[in-house]
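Its first residue numbered 4, the sequence shown is counted upward by one per residue in the numbering used here. Glycine included, every Cβ here is placed at the ideal spot set by N, Cα and C.
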Amino acid sequence: MIRVCVGYDPREAVVYHVCVNSIIRLSSQPVAVTPLALNNLAGYVERHRDGSNQFTYSRFLVPQLMGWSGWALYIDGDMLLRADIAELWSLRDESKALLCVQHDYRTKLREKYLGAKNEDYPRKNWSSVMLWNCAHPANRRLTPEFVQQASGAELHRFTWLDDELVGALPKEWNWLPDELGPNAQAKLLHWTLGAPCFQEFENAPMAQEWHQERRRMSESLQRSKAGEA
C-alpha cells in the first residue's frame, strides 16, 4: 500500500481532487490517500500566520500521523501526476530521513495566487514533495507541539536533520512548469505560483494537462440514447 498525504485548502479544493484523480488513474499499486485538512487534525492548532495555504505547516505532521512507522509520501495539492506514483515510491532509501527534489532557482513573481507573498529563500520548494521515512528516529522530533512552535525557516529547510539524512529525488518528480518552463519528461507537475484553476494562471505552461484531468474527474461515461449508433 502506497500511503500518500495531499495538502488540502478549501479555497482551492478542486486542485486536491484533480491531483488525487491523476494519482489513482495512473497508479499500478493500491494507494491510501489522506487529505491534510486542518479541520481533520485534532490536537494541532495552526499558530503560524505566514503560510500561503492551509497545509504550509501541517505537512510536517506526516510522520506523527503515520505513527512514526513505515513510509509515506507528501505532496502539495496543486500538483498533477504524469507517471505511475509507484515509480516514485520505489525510490525510498532507508538511510535517509526523507527524500525530496532539491531545487535551486529564483522565482519569477513576488506575488502568487490569492495575493500571497512569494519570497526567495534557501531550499525553496524542497518540502512540496517529501518521501518520508516516518520510522527514522530523527523525525521523532516532529511532534504537533514542535511544528506549532517552529518557524517556517526551521521546518522548510529541514533544520532538525543533518544534511546527509536528506536524500535527493530526480527533478522530474517535482517539476515547476510556471517557473522552469515546459518539460515533456516531467513525471509530476507543480504549479507553485498558482494552479490553473485560478483565472490568472489558467494558461500557465502545461496547464492544458491540468484542465484535461479536471474534465476526466468531473465527467462520466454516458449510455447512448435509444436509436443512436
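### Query
Which class does W176 belong to by DSSP, given the choice of helix, strand or coil?
Here W176 carries a helix assignment [DSSP, helix/strand/coil].
#### Entry: Where R219 falls, given that 16 or more other Cβ within 10 Å makes a residue buried
For R219, the number of other beta carbons within 10 angstroms of its own is below 16, and it is reported as exposed.
#### Entry: Three-state secondary structure (DSSP) of R39
Contrary to the premise, residue 39 reads as Leu rather than Arg in this sequence. In the structure shown, L39 adopts extended strand secondary structure according to DSSP, grouped into three states.
### Task
With DSSP collapsed to three states, give me the class of L196.
In this structure, L196 counts as coil in the three-state DSSP scheme.
### Query
Who pairs with W74 in a beta bridge, going by DSSP?
Answer is N136.
### Message
Assuming the contact rule is C-beta atoms closer than 8 Å, K190 and V104 should be a hit. Round their C-beta distance to whole Å, please.
### Response
About 11 Å separates the beta carbon of K190 from that of V104, a gap too long to meet the 8 Å contact definition.
### Task
Apply the 10 Å Cβ neighbour rule to G184 and answer buried if 16 or more other Cβ atoms are within range, or exposed otherwise.
By the neighbour-count rule (16 or more Cβ atoms within 10 Å), G184 is not buried but exposed.
### Task
Note down, in chain order, each residue of its chain lying with its Cβ closer than 6 Å to the Cβ of W213, except the 5 sequence neighbours on either side.
The answer, listed in chain order, is L83 and P199.
### Query
Are the Cβ atoms of C8 and Y77 separated by less than 7 Å?
Their beta carbons are under 7 Å apart, which means C8 touches Y77 by this criterion.
### Query
In the DSSP assignment, what are the bridge partners of C103?
In DSSP, C103 forms a bridge with A171.
#### Entry: Segment contact flag, the stretch 138-157 with the stretch 66-74, C-beta cutoff 8 Å, min 3 pairs
Yes, the stretch 138-157 touches the stretch 66-74.
### Spatial distance of N56 from D12 (CA atoms)
Straight-line Cα distance between these residues: approximately 6 Å.
#### Entry: Under 7 Å between C-beta atoms of L39 and G10
Going by C-beta atoms, L39 is nearer than 7 Å to G10.
### Task
Starting from the C-beta of E205, find all residues in its chain whose C-beta is less than 6 Å away, skip the five residues before and the five after it, and write them out in chain order.
The answer, listed in chain order, is P199.
### Query
Which one or two residues does DSSP pair with I5 in a beta bridge?
According to the DSSP secondary-structure assignment, I5 is paired through a beta bridge with V34.
### Query
From what residue to what residue does the beta strand (DSSP E) around W82 run?
A small correction: the amino acid at residue 82 is Met; Trp does not occupy that position in the sequence shown. Counting along the chain, the beta strand (DSSP E) containing M82 begins and ends at M82 to L84.
### Query
By the 10 Å Cβ neighbour count, where 16 or more other Cβ atoms means buried, how is L134 classified, buried or exposed?
Label assigned to L134: buried.
### Message
Once the 5 residues before and after T162 are set aside, which same chain residues still bring their CB inside 6 Å of it?
### Response
Contacts found: none.
### Query
If you drop the 5 nearest sequence neighbours on each side, which residues of the same chain put their C-beta closer than 8 Å to that of A89?
Only I5, S30, S31 and Q32 meet the Cβ criterion.
### Query
Could you give the distance in angstroms between the alpha-carbon of H106 and the alpha-carbon of S93?
Near 21 Å, if we compare the C-alpha coordinates of S93 and H106.
### Task
Assign G46 to one of three DSSP states: helix, strand, or coil.
Coil at G46, not helix or strand.
### Query
To which residues does DSSP link L191 through a beta bridge?
Paired residue(s): L84.
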